[in-house]
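Report on one structure; see the data block that follows.
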Amino acid sequence: MRVRISTVVALAAAVVVTATASVSGSAAAVAGSKTKTKPTIVLVHGAFADSASWSGVIEQLQRRGYPVVAAANPLRGLSSDAAYVRNVINSVPGPIVLAGHSYGGAVMTNAAAGDPDVKALVYIAAFAPDKGESALELSNKFPGSTLGDTLAPVPLGDGTNDLYIRQDLFRQQFAADVPKRQATLMAVTQRPVRDAALSEGSGEPAWKKTPSWFLIAGADRNIPVAAQRWMAERAGSRATIEIRKASHAVGVSNPGPVTDLIVRAATAR
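Residue numbers for the sequence shown, in mature numbering (1 follows the signal peptide of the UniProt record, and there is no 0): -21 to -1, 1 to 248.
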C-alpha cells in the first residue's frame, strides 16, 4: 500500500500539535495548582457532630471558589485533638482561615497558636477559651445551658466516659431549627466526645494574636448566649453577628450567614 509523503507529513504535524497542546495543558494544570488566590478554609466540627455538619457551608464556599478542608476532630482530649488539627493545618499550604463550631472552637484556639499561616479565626457558636479554661468551665460561667440533663454517658473502662446526647432529646437540645428528619439522622450519627476533653484546660490561645470573627446562636441550649457574647468581646472580635432564633447547630440551619462571615474574615485586610 502506498502512502503519500504529504499525508505522512500532515499526520506527523498533527501528532506534534497534539503533543504540544497536551504538554501545555499539563503545564497549565501544574501552574494552576501552585497558584493560590484565595485562602484555604479549614473547618473544625465540635462534639456530637462530624465533618458532614459543615456540608451546607462547604457547598457555598466551594461555589465562591474557596478550597476547603473539613478536619475530622477526634473528640478525645483538647491537647491531643489540637495536635491532630495542627497536623491537618500543616498539610495545607497557607494562607489559611480556620472556622470552628462549638468545642471545635477550643480545638482551633490551641491548634492555631503561633502559626503564621493562619490569618483568621471564625468562631461559630463556639468556645474561645483563655489559657487554663475548659469548655465545661465556660459553659457554666453563665446560666442557660441545658446540655448536662440530656447526656447519656458510656463508660470507657479507664474512668472516663464517652458522652452522647440522648436521641429523643437531640433535636430540642442541639438542632431545634433543623428539619425533624435531618435532626433525627444527626442524632443517630452523632460522634461522642470524651468527658475529659470538655474539662481539659486550654493552652495559650491563638485569638490573642490572630484576628477573630464570631457568630452567636441566639437560641443556643449548649453554650449560653451570654457566654458566647462575653468570649467574643474578650477576644476583640473584628465582627460579631447574632442569629436570634438559631440553635446550636447554626451551621446546618443557617449555612448562608455562616459562609458570609467566613468569607468576610477571608477577605479582611
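Every residue gets a Cβ at the ideal spot worked out from N, C-alpha and C, and that includes glycine.
Compare the beta carbon distance of S226 and D128 with 8 Å and say whether it is the shorter of the two. No, these two residues do not count as a Cβ contact at 8 Å.
Sort out for me which residues DSSP pairs Y143 with in a bridge. Note: Y143 sits in a beta bridge opposite A131.
Contact under 8 Å by Cβ, A50 with V21: Yes.
Just list the residues that DSSP pairs H80 with in beta bridges. Looking at the DSSP assignment, H80 forms a beta bridge with I103.
Please report the straight-line C-alpha distance between K188 and T88, rounded to a whole angstrom. A straight-line Cα-Cα distance of about 11 Å links K188 and T88.
Applying the 10 Å Cβ sphere with the 16-neighbour rule, what's the burial state of T168? Exposed, by the Cβ-count rule.
Cβ neighbours of L177 in the same chain (closer than 6 Å, five flanking residues each side left out): Short of 6 Å from the beta carbon of L177, and not among the five residues preceding or following it, lie these beta carbons of its own chain, in chain order: A114 and L115.
Please give me, in chain order, every unbroken run of the alpha helix (DSSP H) with length at least 4 that falls completely inside the segment 2 to 75. Runs of the alpha helix (DSSP H) lying entirely within the segment 2 to 75, each at least 4 residues long, are 34 to 42 and 57 to 69 in chain order.
Could you tell me the distance, in whole angstroms, from the CA atom of V76 to the CA atom of Y82? So the alpha carbons of these two residues sit roughly 17 Å apart.
Start and end residues, beta strand (DSSP E) containing W192: Element bounds for W192: S191 to A196.
Is it buried or exposed for G230, if we count other Cβ within 10 angstroms and need 16 for buried? By the neighbour-count definition (other C-beta atoms within 10 Å, threshold 16), G230 is a buried residue.
Considering only C-alpha positions, which residue in the set T19, A26 and K17 is nearest to D141? The shortest C-alpha separation from D141 is found at A26.
What are the residues that DSSP puts in a beta bridge with E221? Partner(s): I195.
Cβ contact (3+ pairs, closer than 8 Å) linking the segment 120 to 134 and the segment 101 to 108: As far as the Cβ criterion goes, the segment 120 to 134 does not touch the segment 101 to 108, which means the pair count is below three.
Neighbour-count burial assignment, T19, 16 or more Cβ in a 10 Å radius: Burial of T19 is indicated by the presence of at least 16 other C-beta atoms within 10 angstroms of its C-beta.
Compute the beta-carbon to beta-carbon distance between V47 and L40, rounded to the nearest angstrom, for a pair I have assumed lies under 8 Å. V47 to L40, Cβ: 5 Å. Contact.
Buried or exposed: where does R223 fall if 16 or more other Cβ atoms within 10 Å of its Cβ makes it buried? Exposure of R223 is indicated by the presence of fewer than 16 other C-beta atoms within 10 angstroms of its C-beta.
Are the beta-carbon atoms of S181 and K110 separated by less than 8 Å? With respect to the 8 Å criterion, S181 and K110 are classified as neighbours on the basis of their beta carbons.
Within a Cβ cutoff of 7 Å, which residues of the same chain sit near A92, ignoring the five residues on either side of it in sequence? Exclusion of the five residues before and after A92 leaves G182, E183, P184 and A185 as the residues of its chain whose Cβ lies within less than 7 Å of its Cβ.
What is the rounded straight-line gap between the Cα of Q152 and the Cα of R200? Taking the straight line joining both Cα atoms gives about 6 Å.
Taking only the alpha-carbon atoms, compute the straight-line gap between A6 and K17 and give it to the nearest angstrom. Note that A6 scores 29 on pLDDT, short of 50, meaning its location in the model is unreliable; the coordinates nonetheless yield the value given after this. A straight-line Cα-Cα distance of about 21 Å links A6 and K17.
If you draw a straight line from the C-alpha of T14 to the C-alpha of L148, how long is it? Its pLDDT being 49, under 50, T14 is placed unreliably by the model, and the measurement read from it follows with that caveat. Distance between the alpha carbons of T14 and L148 is about 47 Å.
Would D60 pass as a contact of N69 if the rule is Cβ separation under 8 Å? No, the Cβ-Cβ distance between D60 and N69 is not below 8 Å.
Pop quiz: V204 and G215 are said to be a contact at Cβ under 8 Å. What is the actual Cβ separation, rounded to whole angstroms? Not really, about 19 Å apart at Cβ, beyond 8 Å.
Give the C-beta separation of I220 and P234 to the nearest angstrom, bearing in mind that I take them to be a contact with Cβ-Cβ under 8 Å. Not quite, the Cβ-Cβ distance comes to about 14 Å (not below 8 Å), so this is no contact.
Distance between A31 and L135 (C-alpha atoms, nearest Å): Take the alpha-carbon of L135 and the one of A31: they are about 25 Å apart.
C-beta atoms of V86 and V23 nearer than 8 Å: Yes. Within cutoff.
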